[in-house]
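Chains as they are written, first to last, in the working numbering: chain A, 39 to 348; chain B, 6 to 93; chain C, 353 to 1197.
The next block holds one structure in the form of structure tokens; read it before the comments.
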Amino acid sequence: MEWPAVLSPAGPNAAQIAQLFWILIFVISLVMAVVCVGLAAALFGSARVRAILTDKRTILSAGLGVPALILTVLLTYSLILTRNLSSPNGPDFMRVRVTGEMWWWRIAYLDNNGNITLSDANELHIPVGKTVAIELDSADVIHSFWVPQLAGKEDMIPGRRNILRLSADKAGVYAGQCAEFCGGPHALMGLTVIAHSPEAFDDWQRGRLIAPIAPQNELAIKGADLFLKSGCAACHIVRGTAANGQAGPDLTFVGARLKLGAGILPNNRGTLAGWVADSQAIKPGNRMPSYPMLLPAELQAIAAYLEQLR
Amino acid sequence: MLHFQLWISLIGAFLVWGVHFAGLYLAAEFAPQTIRVVAPILLVLGLATNGWIFKRANTANPFVATIGGGSAVISSIAILWQTLPVYV
Amino acid sequence: MKDDLPLTAEMANRFPARHAGSKADLAELEKIWCAPKGWQFFTAVSNNYIGFYYIATAFLFFLLAGILALLMRVQLAAPAQTFLSPDTYNQVFTMHGTVMMFLFAVPAVEAVGVMLLPQMIGARDLPFPRLSAYAYWIYLFGGLSFFASIFAGLAPDGGWFMYPPLTGRIYSPGINADFWLLGIGFIEISAIAGAIEFIVGIMRTRAPGMSLGKMPILAWALLVMSVMIIIGFPSVILATLLLELDRAFNWPIFDATRGGDPLLWQHLFWFFGHPEVYIIFLPGAAMLTMLISTVARSDVIGYPLVVLSILATGFISFGVWAHHMFTTGIPDVTVGVFSAVSTAVTLPAGTMVFCWIATLAAGKPKFNAPGLFAIGSVLVFVTGGLTGVMVAFVPFDWQAHDSYFIVAHLHYVLLGGMLFPLFGAFYYWAPAFSKNALSDRTGKWVFWLMFAGTHVTFMPMHIAGLMGMPRRVYTYLPAQQVETLNFISTCGAFLIAAGVAVFIVDMIRNFRFAPGGGNAGNVYGGGTLEWLPSGLYSTRSIPLVTSRQPLWEDLNLARNVEEGRYFLPRSATGLRETLMTSPVFATPQQLLILPGPSVWPITAAVFTSGFFLLLTIQAAVLATISGVLAIIAIIIWLWETDRPVALKAADIGGGIMVPTHVSGVMNHGVWATITLLFVFGMIFAMAIFSLFFLWTNQPKFWMDPPAFTASFWVFVLGVASLTLSLSAKSLLLRMQNANLTAGALSLAAILAIGAQYADYTGWQAVGLQPEASGQGGIVYAIMAHQASLLLVCLVMAAYAMARAFAGLITKPASVLIDICSLILTYTAAQGLAAAVLTRALATGG
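Below, the structure written as structure tokens:
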């Protein structure tokens, strides 16, 4: 088993919280030890020790005085940390908007004026070392954005826009999950954050600005056709094609994602076919209907098409 | 007279805390630009009232003295602490 | 004896009396207090019975909610299981939280109060026995029908915290969420009824000499708890009403797109929700204190400090609600203030813990079942308290919030702060109500199983939370690597269940309910009054209290009490009665005549529950009929009470004479009314806060109010109504005419209705509609609240008229007139305040 995510931070925000955790756990262990020793002394101690414990001065100093001193220090430290972690951006940061939807994440990369440069879903790419200001919106109910290795969580509340600032200091893949109960399959509303080195991030971004090339092999061409015919396009967009639905996740680069179904399945042709055939069995209650009417060959074709969207 | 001291000590110091808290909360939430003016005034008023309560509660009756003195102390710590976030 | 001064030494020296009470008097007491027999048992109102039913019902709900917990643990024992579907799981976790909090924990501590408090403070019963009965039955009927919703798959599924918009009409279109609002409605009624009983009972019916500084700690905790209920519950009452208006009539109070705000719900809910935790914890801590004191056989060391801690916790708990909202993006300073207050609340808790340790150190603790539960409670509670300190610090809470770390934290606090003390209390106090004591040996088994189970279940959850496992998930994936931890937790849950099962076996084998004598008695050697020999009439005579542990101090006390050598060794009026004493020093002031068994409280409860249930399933006509029947039942029940008493003053022993009837500010009914008006006042205050909150957060949806100048009739009629209702009391005194006074009250009610109508037309004229915006929703909600109060006033005025015609209004002063006048005065004043504030909080928007 690995070290718990909260305690293996991959960015300065989470690292400062992890440090606070270690200080707190040290202090409370100490207090717990004092209480246990006090209790043991009260039950089994000598008359002299017990007399000390019943002294009002002992009660007041152990129960009120000393805690007040310790807590004053800790409180001040935590308040300073609170301010630091939520203080405004420096001049150099990247803007992203993540919108919580039942039960997936709509992701938009923004330029400095707030215009959308790139749309995606369920997978957030960030460059290492750069502050990312994530604007948190909700399309329906309250969700909460939580990637424990990078930062604490922040809620997505209809009618409000919260901003979470975080950065990664090493490249890697970090799992996140919705942390505010949002009904139905809330348990399966996962998110993946991928931190690239700055150069790799630039490459990735350039790759994403051009639409994927049209399907090449026969199976994928058939799949593309079926994709449009079967109604997938009513909800999903694949840029550069007739598919222009807005209700569901953007599938323009779905084949490139590490995970499927909002962070829950590995992404390959098999899982793609399985998801299309019966997403309701995999993630009961999600907004995409199962497609039991599609024949296995048709599913294979659609999966082949989706897989090469990268 | 004992009654007065008893009731004052039972609820007085915590009412001080309550008023201080409510004032600070309302200022922070709804008029943040005033907080740096409001906070010190509330703090001084609160501490002064608690000091007065502490003195009044210091009677021969140990029940009244402990509760009055204790609530003034706890209330004062609480209002000092809740003023901290305005400044750090 | 109107002044609240200690009993004079001369009077105190008359007790214990030289002469014992007569056998005939005892026989009469037994006859007066005897319980209804046979099929009429459900008309019983005495706290001996109601308290027992209450605690048995609360325990039943504990078992039911516990079974739900086991279902969840089975589902989570391994990743990606399908034992429960997501929909079922969401219902199960919602019901587990709701039932544990609202149908077990709060009623359980109230039940302990109903069962123990009167005897513990030397009263013969609670001051309003029929109200207790009504509150109990409504809780039983309401609770059972609410729980039954899960069998139909209609149980609420939005979490016990019910955050909109998820629970609003769009995302929860079924009636599941309505069932939650219904279930909470029942518990709101019974909790507030209980709080009123406790406040009046504790402040006014203590045994003579039991000054505030000599009250048992549990009485202190119940007093503070009751005040907290009075302050905290109105917030959730308002919140549930607003959400129901949102759901049923599309008033967009929580809809951000139309000038509402989902965060408003969170503020209202947690303003109640966090104090709620202390409402449960304080009586638990107090039971724990009393257990510790008995097992160590020492008076509580630092008794004033424990009282101080209880008071401090009670107050400060109202300043911590937003620590449930650290991640909602509220401003830094606000967050910091709540963090500071959340930190401060640990100071009284710390003080209390060291008082417990001191008390244990002062005596020679016995490791019997109550002793083990007491010590175990301290350890479990401190563990939960310390993780509580961690999450009080904002940055760490950003990680821990809504993760399994919190699940672990809250269960440690609630189990250590309430459940373990309660089980200890079961073992400690069972002999007072049962023919046999429970088995101490079995009790130790129960303790060790539950204690081990608690750590095995909840300790791993801390780590699961830190690994990123959020709360309220119906499953998790293998990739999350939390299966081992979850499997251990599941095993632990079954250990706790095993402990509870052993407890049930012990109950079945040993518990034989023996109300009114024949019980096992003071097995553990407690020193407080509930351990005096007693019958259904409580103690033969009400002792004079001179210390906090009267039975330890005066070894002859039990015998002297039993021989009737103290207060009230007989019934002076031939009716059920107890002593009313002064609030601080508990000096006898008055004889309080208590009502006896009646079929009407339970009838009223049936129809009240029927009203809410039928409303929930949208049977409006039947609901109205049921509601009217409920009001009729309540009127019949009241009609029998507050009768003129022939005997004006009675000898309560030692030649001390007290009046049998007092009206005005010292009357218990007036105290209860004032307490109730405080509830209404808090509901109103929270409604105004809601208006203010939306006004500052959603100004662009705001519209101008009717001008003050155009609201002439609102204020004229309102002030007229206010003046008239204020003068009712002096009218009766001067004119000695009951008909005229009742007529004046009726006119006042009609004037207030006129004022309300003028207010309504004013808002209609400016074109504000309730569906239009958050402002509309709240303004009309305030008017609806006012209208329902006016309906109550109308019914009361009609009742007063009827009493006047029947010649049942006492002169020159009448409690009924006092109470009607108070409620009418309040209503008229609230109407005026509402008219002013809804207009003032709309200008310049």
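Where is the CB? At the ideal position from N, CA and C, for every residue including glycine.
Check the Cβ-Cβ distances between residue i and every residue of chain C, and say whether any is below 8 Å.
| i | result |
| --- | --- |
| residue 33 of chain B | yes |
| residue 19 of chain B | yes |
| residue 87 of chain B | yes |
| residue 45 of chain B | no |
| residue 26 of chain B | yes |
| residue 71 of chain B | yes |
Beta-carbon of residue i versus every beta-carbon of chain A: anything under 8 Å?
| i | result |
| --- | --- |
| residue 1197 of chain C | Confidence in residue 1197 of chain C is poor, its pLDDT being 45 and thus under 50, which makes the residue's placement unreliable; the coordinate value appears in the next sentence. By this cut-off, residue 1197 of chain C is not an interface position. |
| residue 22 of chain B | no |
| residue 947 of chain C | no |
| residue 82 of chain B | yes |
| residue 99 of chain B | For chain B, the structure presents residues 6 to 93; residue 99 of chain B sits outside this window and is missing. |
| residue 815 of chain C | yes |
On the CB-based measure, 16 or more other CB atoms within 10 Å of its CB, does residue i come out buried or exposed?
| i | result |
| --- | --- |
| residue 1157 of chain C | exposed |
| residue 199 of chain A | exposed |
| residue 950 of chain C | buried |
| residue 49 of chain B | exposed |
| residue 461 of chain C | buried |
| residue 1111 of chain C | buried |
| residue 208 of chain A | exposed |
| residue 758 of chain C | buried |
| residue 860 of chain C | exposed |
| residue 687 of chain C | buried |
Mind checking which residues open and close the alpha helix (DSSP H) that includes residue i?
| i | result |
| --- | --- |
| residue 882 of chain C | Neither: residue 882 of chain C is in no alpha helix (DSSP H) and is coded neither H nor E. |
| residue 333 of chain C | The shown model of chain C, from 353 to 1197, leaves out residue 333 of chain C, and the question about it has no answer. |
| residue 793 of chain C | 792–818 |
| residue 668 of chain C | 655–668 |
Compute the minimum distance between the beta carbon of residue i and the heavy atoms of the ligand ZN, and state whether it is under 7 Å.
| i | result |
| --- | --- |
| residue 23 of chain B | With respect to the ligand ZN, the structure offers nothing, as it holds no ligand at all. |
The beta strand (DSSP E) spanning residue i covers which residue range?
| i | result |
| --- | --- |
| residue 769 of chain C | Segment: none, residue 769 of chain C is in no beta strand (DSSP E) and carries neither H nor E. |
| residue 515 of chain C | Per DSSP, residue 515 of chain C belongs to no beta strand (DSSP E) and is neither H nor E. |
| residue 143 of chain A | 142–148 |
| residue 201 of chain A | 200–204 |
Give a yes or no on whether the minimum CB-CB distance between residue i and chain B is below 8 Å.
| i | result |
| --- | --- |
| residue 246 of chain A | no |
| residue 395 of chain C | no |
| residue 75 of chain A | no |
| residue 565 of chain C | yes |
| residue 92 of chain A | no |
List the residues of chain C whose Cβ lies closer than 8 Å to the Cβ of residue i, in chain order.
| i | result |
| --- | --- |
| residue 88 of chain A | 713, 714 |
| residue 172 of chain A | Per Cβ cutoff of 8 Å: no residues; residue 172 of chain A is ~12 Å from chain C at best. |
For a contact meaning CB atoms closer than 9 Å, what does residue i contact in chain B?
| i | result |
| --- | --- |
| residue 350 of chain C | Lying outside 353 to 1197, the shown extent of chain C, residue 350 of chain C is not represented and no answer is given. |
| residue 344 of chain A | Those do not exist, as residue 344 of chain A stays about 48 Å from chain B at its closest Cβ, beyond 9 Å. |
| residue 118 of chain A | 93 |
| residue 296 of chain A | Neighbours of residue 296 of chain A on chain B: none; closest Cβ ~40 Å, over 9 Å. |
For residue i, return the contacting residues in chain B, with the cut-off set at a CB-CB distance below 7 Å.
| i | result |
| --- | --- |
| residue 199 of chain A | Chain B residues near residue 199 of chain A: none, gap ~18 Å exceeds 7 Å. |
| residue 667 of chain C | 19, 22, 23 |
| residue 106 of chain A | 82 |
| residue 121 of chain A | 93 |
| residue 671 of chain C | 26 |
So which residues on chain C does residue i lean against when the C-beta distance must stay under 7 Å?
| i | result |
| --- | --- |
| residue 76 of chain B | 660, 663, 664 |
| residue 29 of chain B | 689 |
If you measure between the beta carbons of residue i and residue j, is that distance less than 8 Å?
| i | j | result |
| --- | --- | --- |
| residue 763 of chain C | residue 678 of chain C | no |
| residue 19 of chain B | residue 744 of chain C | no |
| residue 84 of chain B | residue 51 of chain B | yes |
| residue 90 of chain B | residue 693 of chain C | no |
Residues of chain A with a CB under 7 Å from the CB of residue i: which are they?
| i | result |
| --- | --- |
| residue 742 of chain C | 62, 66 |
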